[in-house]
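*Asks:*
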Amino acid sequence: MKASCVTARRARPLLGTLLEISARGRRADAAIDRAFRAVERVHRAMSRQEASSDIARLRSGHRAALDPWTRRVLERAEEIRQASEGLFDCAFCDYSLDGIAKGFAVDRAIDCLREAGMVAGSVNAGGDLRVFGDEWQPLHVRSGASLIYAGNIRDAAVATSASAGLVHPRVVKPGARGVTVFAADCMTADALTKPCLLEPQRADEFASRVGAQVLRIE
Amino acid sequence: MRAGWPAFIAAPLVVIPAAHATTYLTVEKAQQVLFPGAKFAPVELKRKERIWRAADAGWFVVDEVLGKHELITYAVGLDPQGRVRGVEVLDYRESHGGEIRDAQWRAQFAGKTVRDPLQLDRDIRNISGATLSCRHVTDGVKRILALYESELRNR
């Protein structure tokens, strides 16, 4: 390894969680700064809390001025709505993109690290995470008070959701305590956790339609 | 699917206390991240927060917040007008009093794994699930803004 190739790891409060970014490469800190800025852009555009966000525009029916990133999220949300036969539905939640935007933010941060020439990196937004590079990295899943060591991952996106608080008119009671979804990108993994929690017996079916894989936490 | 299947493998059972600590930045490094190139003078106020004045008249404050399971040390940079310039986490310590369990549901991966088991890496990274709230940190930043109004603004 060159002397100038360093590993840096930083965390900031963003997207309602502690957002952690690590990167290995030359000028890793500058790459991480860029990645944080990409996450901040997603936060500004898609946060429910920001009055000037695209969510407010969507609710009032104004689609013309949307951030192109919001359009990408809406398109993928529609694909996942179809793959989950309506169980994932942003319009149902008053256009909240909370269930997908965090994963999208992770993906954009990973893009920044790659574009900055990093050889490896990881981004973790409170459980929605993605790693890239040659290294095999351990993965732990939180379940109640325990951590579950789930194996090692490389070039993967992972999202975990617990069933607490999740409601949908078609489902009386979620059938699993939690699910962990693996996909090629974090936006897909993030969005897919919700339908898989609501109907765990059909999780594999939903997942296979978007190239993902599901683990149920019983 | 655009990329190859995310690889995933099994590893032997292990039970160790579920506590971990991460240091992201030292105080000095965080000062340079928030105020590149600046010099700092400590300010003694007999408070639990550690406070520095930056050469450009901004402020750098280090504080800790205690959550249910976690202790977070963070730094806030304030510009000369008292606006938040940035927030960086310095240290994060988490303790569950629980344990690390082996994934029973790893059996679900039978036939789907793509690599031989590796030796378990005891470094706890890449924790997925149960969103960790940053509410304590955002509340802490509000307290530091109040501290600025009451103690720093007129210094």
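Line by line, the protein sequences are chains A and B.
Reading the first sequence from the start, the letters are residues 76 to 293 in the working numbering.
Reading the second sequence from the start, the letters are residues 1001 to 1155 in the working numbering.
Positions of the beta carbon are idealized from the N, C-alpha and C atoms, including for glycine.
Quick caveat, the model's predicted, so the values are computed rather than measured.
1. Label B:D1116 either buried or exposed according to how many other C-beta atoms from any shown protein chain fall within 10 Å of its C-beta, with 16 as the threshold for buried.
2. Should B:L1066 be labelled buried (16 or more other beta-carbon atoms within 10 Å of its own) or exposed?
3. For a contact defined as C-beta to C-beta under 9 angstroms, what are the partners of B:S1095 on chain A?
4. Which residue marks the beginning of the beta strand (DSSP E) containing A:T235, and which one marks its end?
5. Which residues in the same chain have their Cβ closer than 6 angstroms to the Cβ of A:A70, if we skip the five residues on either side of it in sequence?
6. Identify, in the order they occur along the chain, each residue of the same chain with its Cβ nearer than 7 angstroms to the Cβ of A:G226, setting aside the five sequence neighbours on each side.
7. Is A:G178 close to chain B? Criterion is C-beta to C-beta, closer than 8 angstroms.
8. If A:I155 sits next to A:V289, beta carbons under 8 angstroms apart, how far is it from one beta carbon to the other, in whole angstroms?
9. In its own chain, which residues sit with a C-beta less than 7 angstroms from the C-beta of A:A140, not counting the 5 before and 5 after it?
10. Please classify B:N1126 as buried or exposed, where buried requires at least 16 other C-beta atoms within 10 Å of its C-beta.
11. Among B:E1064, B:K1029, B:R1047, which residue has its Cα nearest to the Cα of B:G1140?
12. Can you tell which of B:G1082, B:H1069, B:R1093, B:Y1024 has the C-alpha that lies nearest to the C-alpha of B:F1060?
13. Going by DSSP, what residue range makes up the beta strand (DSSP E) through B:F1040?
14. For B:G1226 and chain A, any beta-carbon pair shorter than 8 angstroms?
15. Please confirm if B:R1083 has its CB atom under 8 angstroms from at least one CB of chain A.
16. Are the C-beta of A:T145 and some C-beta of chain B separated by less than 8 angstroms?
17. Would B:K1076 and B:Y1024 qualify as a contact pair, given that the criterion is a beta-carbon distance under 8 angstroms?
*Replies:* Reading it off the structure:
1. Walking along the second sequence from the start, residue 1116 of chain B turns up at place 116. Any reading at B:D1116 must be qualified, since the residue scores a pLDDT of 34, below 50, and its modelled position is unreliable; no value is offered.
2. Residue mapping note: residue 1066 of chain B aligns to position 66 of the second sequence, counting from 1. The residue is exposed, with fewer than 16 neighbouring Cβ atoms inside 10 Å.
3. Start at 1 with the first residue of the second sequence, and residue 1095 of chain B comes out as number 95. Per Cβ cutoff of 9 angstroms: no residues; B:S1095 is ~10 angstroms from chain A at best.
4. Here residue 235 of chain A is taken as the residue at index 160 of the first sequence, counted from 1. It spans 231-237 - the beta strand (DSSP E) in which A:T235 sits, taken as one unbroken run.
5. For chain A, the structure presents residues 76 to 293; residue 70 of chain A sits outside this window and is missing.
6. Translated into the one-based positions of the first sequence, residue 226 of chain A becomes position 151. Same-chain partners within the cutoff: L214.
7. Within the first sequence, the letter at position 103 stands for residue 178 of chain A. Closer than 8 angstroms: no.
8. As a first step, residue 155 of chain A must be located in the first sequence, where it is residue number 80. As a first step, residue 289 of chain A must be located in the first sequence, where it is residue number 214. With 8 angstroms as the limit, A:I155 and A:V289 do not qualify as a contact, their Cβ atoms being about 13 angstroms apart.
9. Counted from its first residue, the first sequence places residue 140 of chain A at position 65. Closer than 7 angstroms at Cβ, skipping near neighbours: R132.
10. Position 126 of the second sequence, counted from the first residue, corresponds to residue 1126 of chain B. Result: buried.
11. As a first step, residue 1140 of chain B must be located in the second sequence, where it is residue number 140. Per the Cα distances, B:E1064.
12. As a working mapping, residue 1060 of chain B is identified with position 60 in the second sequence. Among B:G1082, B:H1069, B:R1093, B:Y1024, the Cα nearest to that of B:F1060 belongs to B:G1082.
13. Position 40 of the second sequence, counting from 1, holds the residue named residue 1040 of chain B. Here the beta strand (DSSP E) through B:F1040 covers 1040-1043.
14. Nothing about residue 1226 of chain B can be read from this structure; chain B reaches only from 1001 to 1155.
15. On the second sequence, position 83 is the one that residue 1083 of chain B refers to. Closer than 8 angstroms: no.
16. Within the first sequence, numbered from 1, the residue matching residue 145 of chain A stands at position 70. Answer no: the Cβ-Cβ gap between A:T145 and chain B never drops below 8 angstroms.
17. One-based indexing of the second sequence puts residue 1076 of chain B at position 76. One-based indexing of the second sequence puts residue 1024 of chain B at position 24. At residue 1076 of chain B the sequence reads Val, which differs from the Lys that was named. No, the pair does not count as a contact, with Cβ atoms beyond the cut-off.
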